[in-house]
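Written below as structure tokens is the structure these notes are about.
2 protein chains.
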Amino acid sequence: MDDILKKLDSEKRNRIINSAIEEFSLYPYNKASTNNIVKKAGISKGLLFHYFGSKKELYEYLCGFVVKKLFNEINDSLNWDESDIFERIKEIALAKLKMSHTYPKLFDFVISLFKNESNSLNVSDAISLYEKYGINVQEIFVKFYSYNIDYTLFKDQENINVKIDIIRWTLEKFAEEKSFPMMEANVKFDYEKMLVLMDDYLNVLKKAFY
Amino acid sequence: MDDILKKLDSEKRNRIINSAIEEFSLYPYNKASTNNIVKKAGISKGLLFHYFGSKKELYEYLCGFVVKKLFNEINDSLNWDESDIFERIKEIALAKLKMSHTYPKLFDFVISLFKNESNSLNVSDAISLYEKYGINVQEIFVKFYSYNIDYTLFKDQENINVKIDIIRWTLEKFAEEKSFPMMEANVKFDYEKMLVLMDDYLNVLKKAFY
DNA sequence: ATTCTTTCAGACCAAACTGGTCAATCTCAC
DNA sequence: GTGAGATTGACCAGTTTGGTCTGAAAGAAT
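Line by line, the protein sequences are chains A and B.
Here this note's numbering is used: position 75 in the first sequence is 75, and no number is missing along the way.
Here this note's numbering is used: position 205 in the second sequence is 205, and no number is missing along the way.
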């Protein structure tokens, strides 16, 4: 299927992908509508099925695309020499933000993949799909958050995992509550302002833990 | 409509309500199916429409019920003499947990009300609905998190709001990531164990901020 | 035992929507 | 113009939708 997809104009392909990602992140597999997808993408019904064959194939293509994109993007944009966990987590948060600028709903979709065990294709299908693409999610997450990190920077070695959870959660909730509203308002969105706001939170935690 | 609802056997009414809450928290208004609701509740189609008239009326009843229930429950279970923000936030988290034991999906539903602007009934409808029930969400939240709270307990008065966000977010993420899995596993779920785990996080933050 | 009333079931309905097809167009290099 | 590939959208049969309605069941009262 990939070969025939190559021929598709890339701008149009991205339109379809984004539309499909949005639909599938909004609704579980069997409630997601191919009619909505083509409508949102501004293409005809026939075109979608010409390139993707069936709803299921589209969904599976999307899973692969999305997971590869997410992990590669983060993986490439991280500075692996950085040993400060605060900087690492900040870089991860920024990479997510940057990506959600070109693929707005990509992250929502990935999250929905891990949540809706019941309504997406069944779990074992999903997992073997990740295996098919050679991606071990668990392992990659551990790498993101711990590779080359210097834990001796913490002033107190007790409960390190608790502290890391707190830092990670703070950044995640910050992204949810504070930055998403900003992103919807204006298309070109203000990284600088975002960073300043984010640093308020990081500095408080740094002062507390380092 | 309330008068006719009174006549309905309360056990059966709760079955219907829980079933409807689950369906509406799983899917936005127009994808939620009354067929699923009656199936899950183990009643006939006719009964649902006999008591609730239409899908829309059911949905609106549910909104009122859920919001009232949520805020009243938290409101009543809080110790308003408590001036320690950590204790306050902990009490709120516990009240939520306790409630989701009798109305498992109630909280999910409330959250979906605030998220899915696009697909539930439109926002202004929803807001006027809260106004209809005499509930100002914003105001109540402020009260929950700040009434009678003693901010001088913080060792450093700077960035207090940032710190409160961090405490609140930590408890919320804790509930998402750590306690929901526990609750699904066994019906009777272990408050004691939950508290001990939760205290790990609270103590780290307390040591940092107080 | 009979009648009356209320509670409930589920077959039924038209309308909308589903994933998918396909003959007909449209586009564009030659 | 001609041929080939890209694209359309009316169309299909099947399912699902919110909602209705007839009448069975269950009491209650006589």
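We put the CB at the ideal spot given by N, CA and C, even for glycine.
Which chain B residues are close to residue i, counting only those with a beta carbon under 8 Å from its beta carbon?
i	result
V204(A)	N159, V162, K163, I166
Y201(A)	V162, D165, I166
Within a Cβ cutoff of 6 Å, which residues of the same chain sit near residue i, ignoring the five residues on either side of it in sequence?
i	result
D150(A)	S83
K40(B)	S19
N36(B)	E23
I85(B)	I149
F209(B)	F154, K163
Y145(A)	none
K55(B)	T34
I17(B)	none
What residue from the options has the CA that sits closest to residue i's CA?
i	options	result
V162(A)	K193(B), F174(B), Y191(B)	F174(B)
S25(B)	I92(B), N35(B), Y59(B)	Y59(B)
Y103(A)	E57(A), L153(A), V67(A)	V67(A)
Y51(A)	D76(A), R13(A), I74(A)	R13(A)
R168(A)	L8(A), K178(A), L195(A), L205(A)	L205(A)
L8(A)	T152(A), F49(A), A32(A)	F49(A)
N203(B)	F109(B), E87(B), K143(B), H101(B)	E87(B)
I74(A)	K155(A), D156(A), I92(A), E57(A)	I92(A)
D76(B)	L94(B), L62(B), I85(B)	L94(B)
L97(A)	Y191(A), Y210(A), F154(A)	Y191(A)
L211(B)	Y210(B), L47(B), L62(B)	For residue 211(B) there is no data in the structure shown, the boundaries of chain B being 1 and 210.
L78(B)	I21(B), I160(B), K143(B), F109(B)	K143(B)
I4(B)	K31(B), Y29(B), L47(B)	L47(B)
E172(A)	P28(A), N30(A), K105(A), I89(A)	I89(A)
N159(A)	P28(B), D199(B), I17(B)	D199(B)
I166(B)	K178(A), P28(A), Q157(A)	K178(A)
Can you name, in chain order, every residue of its own chain whose Cβ lies under 8 Å from the Cβ of residue i, other than the five neighbours on each side?
i	result
W80(B)	Y147, N148
G42(B)	R15
K207(A)	none
V110(B)	V66, V67, L70
Y27(B)	S33
Q157(B)	Y151
Using the beta-carbon of each residue, which ones in chain B are nearer than 9 Å to residue i?
i	result
F209(A)	V204, A208
K173(A)	D165, I166, R168, W169, T170, E172, K173
Can you pull the chain A neighbours of residue i, defined as C-beta to C-beta under 7 Å?
i	result
T170(B)	I166, W169
Can you list, in chain order, the residues of its chain with a C-beta nearer than 7 Å to that of residue i? Leave out the 5 residues immediately preceding and following it.
i	result
Y217(A)	The structure shown does not extend to residue 217(A), since chain A spans only 1 to 210, so no value can be given for it.
S44(B)	V38
A32(B)	E23, F24
L197(B)	K178
L195(A)	none
Q138(B)	none
With respect to 7 Å, is the separation between the Cβ of residue i and the closest non-hydrogen atom of the ligand PLP below this value?
i	result
V196(B)	In terms of ligand content, the structure shown is empty, and the ligand PLP therefore cannot be addressed.
- Query: Taking a cut of 8 Å between CB atoms, which residues from the stretch 72-101 of chain B lie near chain A?
  - Reply: Hits within the stretch: zero.
- Message: Suppose only complete runs of 4+ residues qualify. What are the alpha helix (DSSP H) ranges in the stretch 44-100 of chain B, listed by chain order?
- Response: As far as the stretch 44-100 of chain B is concerned, its whole alpha helix (DSSP H) runs of at least 4 residues are 45-52, 55-77.
- Compile a chain-ordered list of the residues in the stretch 8-33 of chain A whose CB is closer than 7 Å to at least one CB of chain B. Per Cβ criterion, the list reads Y27, K31.
- Query: Enumerated in chain order, which unbroken segments of the alpha helix (DSSP H) with a length of 4 residues or greater are wholly contained in the stretch 18-45 of chain A?
  - Reply: DSSP runs (the alpha helix (DSSP H)) wholly in the stretch 18-45 of chain A: 34-41.
- Secondary structure, alpha helix (DSSP H): runs of 4+ residues fully inside the stretch 139-177 of chain A: 160-174, all fully within the stretch 139-177 of chain A.
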